[in-house]
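Some notes on the structure that comes next.
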């Protein structure tokens, strides 16, 4: 009975996430882009080249880490999908190794980013913290992205939706890392597998054993993988469609022009003693 339930859940997940990804793609790349034409925003940005200005430019190292992270995330997504849906014979074992190597690199990048944000000389974690001023601009930012307003409130390097998206991304990475490790069944410590250490002792008794715990964890892992794909789809569209110069700078294609007077903001009320020199290291969208 449980096996039948798991099979049904997996089928429904496949259907729901594929449909959701198609809808997200259509909403942004067709509808949202299409609406930008009659509203004049398409002409302003793509023809008149009036893109958002910046009073900062990301340094080289974070840009390199970002590119590396993006590459590894794509490898994780593609290899993970192949492991679930092998579309050619004999590739599962090599793909697992690709998946593991990419996982290690993404993990190292993630911990390095945490160190950079909280402990480096140019720590910038407060640039991602959501304060009262940010929340007060939420409706305004949403109105800008949905073409109900041409004014985008800007009280910090990142608007409130960017901050929420980046913070969510970090949480999803932790969940994905935990569930990914919990899928490993090879003996690791004193003859015990990561699955037994992480979920077998507490989730196993609740769902009928360690194997069933692993099956449910795999569902969570697969679902989060799809969430990454969907969020990345939106992120790519917004990064290129809303602020192309910043995107080109991140990939080293064209250097971002910096205007010290681009905008002025005082965020000290929300995030006291944030270093004024802290550079932004996440992509703009």
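Numbering (my numbering), first residue to last: 256 to 540. Glycine included, each C-beta is placed from N, C-alpha and C at the ideal position. Remember, predicted model here, so these are calculated numbers, not experimental data.
Using the beta-carbon count (16 or more within 10 Å), is residue i buried or exposed?
i           : result
residue 435 : buried
residue 504 : buried
residue 313 : buried
residue 202 : A question about residue 202 goes unanswered here, because the residues of the chain that appear run from 256 up to 540.
residue 376 : exposed
residue 495 : exposed
residue 263 : exposed
residue 289 : exposed
residue 317 : buried
residue 544 : Within the shown structure, residues of the chain are numbered from 256 to 540, placing residue 544 beyond reach of any answer.
residue 394 : exposed
residue 391 : exposed
residue 225 : In the structure as shown, the chain starts at 256 and stops at 540, and residue 225 therefore has no counterpart that could be examined.
residue 454 : buried
residue 329 : exposed
residue 509 : exposed
residue 521 : Only weak support exists for where residue 521 lies, its pLDDT of 42 falling under 50; the value from the coordinates is given anyway. That one is exposed.
Less than 8 angstroms between the beta carbons of residue i and residue j, yes or no?
i           : j           : result
residue 475 : residue 468 : no
residue 541 : residue 372 : Residue 541 cannot be examined here, being either before or after the span of the chain that is shown, 256 to 540.
residue 331 : residue 478 : no
residue 439 : residue 448 : yes
residue 517 : residue 472 : no
residue 361 : residue 389 : no
residue 412 : residue 311 : yes
residue 551 : residue 308 : The structure shown has nothing for residue 551, since the chain only spans 256 to 540.
residue 481 : residue 272 : yes
residue 274 : residue 488 : no
residue 445 : residue 421 : no
residue 306 : residue 499 : yes
residue 334 : residue 359 : no
residue 506 : residue 322 : yes
residue 416 : residue 430 : no
residue 433 : residue 486 : no
residue 291 : residue 297 : yes
Residue i to residue j, Cα distance in whole Å?
i           : j           : result
residue 386 : residue 399 : 20 angstroms
residue 259 : residue 266 : 11 angstroms
residue 282 : residue 302 : 23 angstroms
residue 414 : residue 497 : 13 angstroms
residue 261 : residue 465 : 15 angstroms
residue 501 : residue 364 : 21 angstroms
residue 493 : residue 443 : 42 angstroms
residue 293 : residue 404 : 14 angstroms
residue 347 : residue 337 : 7 angstroms
residue 369 : residue 378 : 9 angstroms
residue 340 : residue 304 : 43 angstroms
residue 407 : residue 270 : 36 angstroms
residue 277 : residue 491 : 15 angstroms
residue 380 : residue 351 : 34 angstroms
residue 295 : residue 402 : 10 angstroms
residue 342 : residue 470 : 22 angstroms
residue 325 : residue 257 : 37 angstroms
residue 349 : residue 460 : 33 angstroms
residue 441 : residue 452 : 11 angstroms
residue 428 : residue 344 : 30 angstroms
Note down, one range per segment and in chain order, each alpha helix (DSSP H) of at least 4 residues found wholly within the stretch 446 to 531.
-> 459 to 462, 465 to 497, 499 to 505
Return the chain-ordered ranges of every alpha helix (DSSP H) run that is complete within the stretch 360 to 426 and spans a minimum of 4 residues.
-> 387 to 391, 393 to 400
Which parts of the stretch 269 to 338 are runs of the beta strand (DSSP E), unbroken and 3 residues or longer, counting only runs that do not cross its ends?
-> none
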